[in-house]
Amino acid sequence: MSKEVKSVDYGLEKIFEGAQDFLPLLGTDYVEFYVGNAKQSAHYYKTAFGFQSFAYKGLETGSRDTVSYVLKQDKIKLVLTTPLNSKSPINDHIVKHGDGVKVIALWVDDARKSWEETTARGAKSYMEPFVEQDEHGEVVRAGIYTYGETVHMFVERKNYNGIFLPGFQKWESDYNPEPTGLKYIDHMVGNVGWGQMNTWVKWYEEVMGFVNFLSFDDKQIHTEYSALMSKVMSNGNGRIKFPINEPAEGIKRSQIEEYLDFYEGSGVQHLALATDDIIRTVAELKARGVEFLPPPPQTYYDDIPGRLGEHMEMMKEDLKELQKLSILVDADEEGYLLQIFTKPVEDRPTLFYEIIQRMGAKGFGAGNFKALFESIEREQAMRGTL
Ligand code: FE2
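So in this note's numbering, spot 231 of the sequence shown is number 231, and the numbers just go up one at a time.
Below you can see the structure in the form of structure tokens.
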């Protein structure tokens, strides 16, 4: 039933062939993390990644049970939430998973209809449509569960002109590090358990009306030691892309298994953040202490002109400069892309970030998978988890 759409046009009005329009999504609204100490996490995302103080909810604003910091950089909004007492169910999430993504919120025109259409197609409800109001108007939100304990919230904000959501105030801070050039979320990847990838592919097709437009099997994604499989799901206008990974049999424990063991279940593996100047962005992130995976071997860079072929001529960046920053390069029929991956950003080897610059390419760096995973395996070996 999976429809493979070969040529992908990300033009905003283009509806993928096969995608359903019962769930029009305007874009990603926010990504909410449940964390042990939101104040310190917020400091990290400001200092290291250049996110800006945007909105706040906590004791000072009348929120007695939870505190949330909203950080913004261009179109990206991250919400960091911590419980203020032991009774909050958020504690259970943190005890089980460590710091991690709880909510991938999707911006919609009609949250009630989004919830009705998806639950009618089999989604498990997380929150029935709920109206929140303040002096700036009203927001309607509703939520459904996806893989693991992860949730999609539908956010309807057309009748709201406040800073973020009712209950939040503008967050004024004297500490405002410069942005690092991150623009929007390119894609968000989920890791699911053995044999579950196709279950979730089908779920995104049937419940959300997404299409499967790229697939990678374990013959394409493997190293000497381990393997994984991945399918990329996209909504109709191409703005929301969710690759889904599952582990595959190998001689040693794959990075997906390591994630599932430490996250204790399925969850969000990485967020890919787009920049239009990856050299500047990555140089800045490195200077601010963001840790990236170790560089691929010299032969990786020696092979690039051969791998890129005709795209090599259109490449604006200096290969030496890319190598200096350990940025990876890949190409498909339509262009090339530049990408790099951070180490996990918490002590459990779970969530990490990808920084990506697309120069026409619509893929996900398949040509880099081997070099990338060998690099991850060297890190796993050091953790004793390979
Ligand atoms: Fe990615």
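We put the beta carbon where it would ideally sit given N, CA and C, even for glycine.
**Asked** If you drop the 5 nearest sequence neighbours on each side, which residues of the same chain put their C-beta closer than 8 Å to that of D347?
**Response** G98, listed in sequence order.
**Prompt:** What residues in its chain sit with their C-beta under 8 Å from that of T61, if we drop five residues either side in the sequence?
**Reply:** G167, F168, Q169
**Asked** Per DSSP, what kind of secondary structure is L12 in: helix, strand or coil?
**Response** With a pLDDT of 37 at L12, under the threshold of 50, the predicted position of this residue should be treated as unreliable, though the coordinate-derived value follows. It is coil, neither helix nor strand.
**Message:** the ligand FE2 and E249: does the residue's C-beta get closer than 6 Å to at least one heavy atom of that ligand?
**Reply:** No.
**Message:** Just checking A361 against the ligand FE2 - is the residue's beta carbon closer than 6 Å to any of the ligand's heavy atoms?
**Reply:** no
**Item:** First through last residue of the beta strand (DSSP E) which encompasses R141
**Value:** 137-145
**Prompt:** Can you check whether the CB of R280 is closer than 7 Å to the CB of G148?
**Reply:** No.
**Item:** Integer Cβ distance of F49 from K72, believed to fall under 8 Å
**Value:** Not a contact, Cβ separation roughly 11 Å.
**Message:** If you reduce the DSSP assignment to three classes, tell me which class G162 lands in.
**Reply:** In this structure, G162 counts as coil in the three-state DSSP scheme.
**Prompt:** In chain order, what residues of the same chain have a beta carbon less than 6 Å from the beta carbon of K96, not counting five sequence neighbours either side?
**Reply:** Closer than 6 Å at Cβ, skipping near neighbours: E264.
**Asked** Taking all protein chains shown into account, do 16 or more other C-beta atoms lie within 10 angstroms of the C-beta of E310, making it buried, or fewer, making it exposed?
**Response** exposed
**Prompt:** Thinking C-beta only, is F242 closer than 7 Å to M229?
**Reply:** no
**Message:** Could you check whether A111 and E156 sit closer than 7 Å to each other, using their CB atoms as the reference points?
**Reply:** Contact flag set, yes.
**Asked** So, are the CB atoms of L337 and A361 less than 7 Å apart?
**Response** yes
**Message:** Shorter than 6 Å, the distance from the beta carbon of E404 to the closest heavy atom of the ligand FE2, or not?
**Reply:** Residue 404 is absent from the model: the chain starts at 1 and stops at 386.
**Asked** For T199, does the count of other Cβ atoms within 10 angstroms reach 16, so buried, or fall short, so exposed?
**Response** exposed
**Asked** Applying the criterion that 16 or more other CB atoms from any shown protein chain within 10 Å of the CB defines a buried residue, is M1 buried or exposed?
**Response** For M1, the predicted structure reports a pLDDT of 36, less than 50, and the residue's modelled location is therefore unreliable. A value from the coordinates is still provided. Exposed, because fewer than 16 other Cβ atoms sit within 10 Å of the Cβ of M1.
**R378: first and last residue of the uninterrupted alpha helix (DSSP H) it sits in** = 369-383 is the extent of the alpha helix (DSSP H) around R378.
**Request:** Label W115 either buried or exposed according to how many other C-beta atoms from any shown protein chain fall within 10 Å of its C-beta, with 16 as the threshold for buried.
**Result:** Per the 10 Å Cβ criterion, buried.
**Request:** For the alpha helix (DSSP H) containing G306, list its first residue and its last residue.
**Result:** Here the alpha helix (DSSP H) through G306 covers 298-308.
**Message:** Can you determine whether any heavy atom of the ligand FE2 sits closer than 6 Å to the C-beta of A272, and answer yes or no?
**Reply:** yes
**Request:** Please go through the stretch 66-131 and give each complete beta strand (DSSP E) segment of 3 or more residues, from N-terminal end onward.
**Result:** 66-73, 76-83, 100-107
**Asked** For the ligand FE2, is there a heavy atom less than 6 Å away from the beta-carbon of E354?
**Response** yes
**Asked** Mind checking whether I90 and V31 have CB atoms under 7 Å apart?
**Response** No, the pair does not count as a contact, with Cβ atoms beyond the cut-off.
**Request:** Starting from N176, follow its DSSP beta bridges and name the residues at the other end.
**Result:** DSSP output for N176 lists no bridge partner at all.
**Asked** Can you tell me where the beta strand (DSSP E) with M188 in it begins and where it stops?
**Response** 182-191
**Within 7 Å, strictly: CB atoms of L59 and N235** = Contact flag unset, no.
**Request:** Evaluate A142 with the Cβ neighbour count: other Cβ atoms within 10 Å of its Cβ, from every protein chain shown; 16 or more gives buried, anything less gives exposed.
**Result:** With 16 or more other Cβ atoms from the protein chains shown falling within 10 Å of its own Cβ, A142 counts as buried.
**Request:** Note the first and the last residue of the continuous beta strand (DSSP E) segment covering L273.
**Result:** 267-275
**Message:** Can you tell me where the alpha helix (DSSP H) holding T199 begins and where it ends?
**Reply:** 197-206
**D21 (DSSP reduced to helix, strand or coil)** = In the structure shown, D21 adopts coil according to DSSP, grouped into three states.
**Item:** Chain-order list of residues whose beta-carbon lies under 6 Å from that of S215 (same chain, five-residue window excluded)
**Value:** K231
**Asked** For I355, which of L293, G190, E377 has the nearest alpha-carbon?
**Response** With distances taken between Cα atoms, I355 lies closest to L293.
**Message:** Could you pull the DSSP bridge partners for S215 from this structure?
**Reply:** K231
**Proximity to P83 [Cα-Cα], best of K57, Y175, D218, I340** = K57
**Request:** On a CA-only basis, which of G137, L325, V329 is nearest K286? Give me that one, please.
**Result:** L325
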